[in-house]
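Notes to accompany the following structure.
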Amino acid sequence: MLVTNGTIFMPYMLTFIGIPGLENIQNWIGIPFLVMYIIALMGNSLLLIIIKSEPSLHEPMYIFLAMLGATDIALSTSIVPKMLGIFWFHLPEIYFDVCLFQMWLIHTFQGIESGVLLAMALDRYIAICYPLKHATIFTQQLVINIGAGVTLRPAILVIPCLLLIKCRLKLYRTKLISHTYCEHMALIKLAAEDVHINKFYGLLGAFTVGGLDFILITLSYIQIFITVFHLPQKKARLKAFNTCIPHICIFFQFYLLAFFSFFAHRSGPYISSYIHIMLSNLYLLVPPLLNPFVYGVKTKHIRDKVVKMLCSKD
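According to this note's numbering, the stretch in the sequence shown is residues 409 to 722, in order.
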């Protein structure tokens, strides 16, 4: 690592500050984060076990739900252990290349989660608007292709972000990251060079994945609601709407947290940095925590299976 004129040439190591302004209570903040992580692991693992062990749940909607659960486990695991290392064990350092890898993991899993939500919305769209064609459209091969697509799309799109940082940005103002994990904006803010290309590609990638998914999911549900409200029987309308409630809840919680985190990050001095960092952490930890509970409570097949498992243990 070479230091010239107050800048650092390609730092070998980076250091997390954690949550600026809350350093004195970070050890206490780590407790609810750990609890959220453990509950998310247990809830999503139970969801995966139920879906795998119950043949009646081997349908596209539940396969996508299993993908969502696996993604939630991977996403929370990619940030919480290091975060607790910063808070509790005074291990703030991270190798520069490892930081880039963590950034790739986090943004890839975020993109996969967004893509799975879109796949679930399309499944509900076909099931409600074209019920007689659902089985012929959502074949096993299509589900596999969708799963591969929603996984490869963000994984590939995030790679240029890493290359633009690694190959373009050589000089850095500091090696201190004002965050609890590596993410694109937090990393390029350290650079002492022009980062407009990095910011542009970051926004382009965010829109290509999250923005486009949000638009398509919204359009799908507009058409779903139009179809549901035109059903002749009230009972049929309620049944169709109830099948969408869990996904709607997850959709709103995911994108509302993403919206607040995104704009807090770009609001500059108008919002304190600790508020932005807390929102960023909640954005990554709350959906994995709540998703299995939303589907467990609102989906009869899963709820019945959980009750059956608990009763058999008694």
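The beta-carbon is built from N, C-alpha and C at its ideal position, and this holds for glycine as well.
Cross-strand partners of residue i (DSSP beta bridge)
i	result
L579	F417
T423	E501, L584
Start-to-end residues for the beta strand (DSSP E) that takes in residue i
i	result
E501	501-503
Through-space distance from residue j to residue i, alpha-carbon basis
i	j	result
I564	H592	15 Å
F504	L449	28 Å
I457	R711	13 Å
T547	A535	13 Å
L747	P640	The chain is shown from 409 up to 722; residue 747 falls before or after that span and cannot be answered.
K647	A474	23 Å
T582	P696	33 Å
G704	W512	30 Å
A478	I433	31 Å
L627	Y663	15 Å
H709	L465	8 Å
I658	L525	8 Å
L530	I625	8 Å
S680	I502	25 Å
T485	Y538	38 Å
H655	A599	40 Å
P440	I567	32 Å
L620	P562	12 Å
L454	K716	13 Å
I514	K642	43 Å
S463	V714	The sequence shown places Pro at residue 463, rather than the Ser named in the question. Each residue's alpha carbon lies about 15 Å from the other.
M418	L442	33 Å
V617	R645	32 Å
S669	L698	18 Å
G613	C569	9 Å
I632	T415	55 Å
N553	I427	40 Å
Q518	I545	27 Å
Q661	V506	30 Å
Cβ neighbours of residue i in the same chain (closer than 8 Å, five flanking residues each side left out)
i	result
I425	E431, P500, L584, I585, S586, H587
F701	G451
E601	R576, L577, K578, L579
L665	L687, L690, Y691, V694, P695
Y609	P568, C569, L572
Min CB distance residue i to chain B below 7 Å
i	result
L476	Considering every chain present, this structure includes no chain B. It has just one protein chain.
Own chain partners of residue i with C-beta closer than 6 Å, once the 5 adjacent residues on each side are dropped
i	result
V551	P468, I471
N606	L572, I596
V488	Y445
I437	none
I653	K706
Q510	C590
I459	L465, Y470, A474
M491	T588
L508	L570
G493	L499
I516	It is worth fixing the name first, because residue 516 is Thr in this sequence and not Ile. Answer for T516: P562, A563, V566, listed in chain order.
Terminal residues of the alpha helix (DSSP H) in which residue i lies
i	result
N689	681-706
H542	542-545
Close-in-space but distant-in-sequence residues of the same chain around residue i (CB under 7 Å, 5 per side omitted)
i	result
F558	The amino acid occupying residue 558 in the given sequence is Val; Phe does not appear at that position. Once the five neighbours on either side are set aside, the close Cβ partners of V558 are I520, G523, V524, A527.
G555	M475
W496	N435, G438
H542	I534, A535
M649	Note that residue 649 is Phe in the sequence shown here, rather than Met. So the list reads V636, once near-sequence residues are dropped.
I447	L697
T651	R532
**Start-end ranges of the alpha helix (DSSP H) lying completely within the region 588-658, minimum 4 residues** = 592-596, 604-614, 620-637
**Message:** Just to confirm the assignment: which complete beta strand (DSSP E) runs, minimum length 3, are found wholly within the region 449-487?
**Reply:** none
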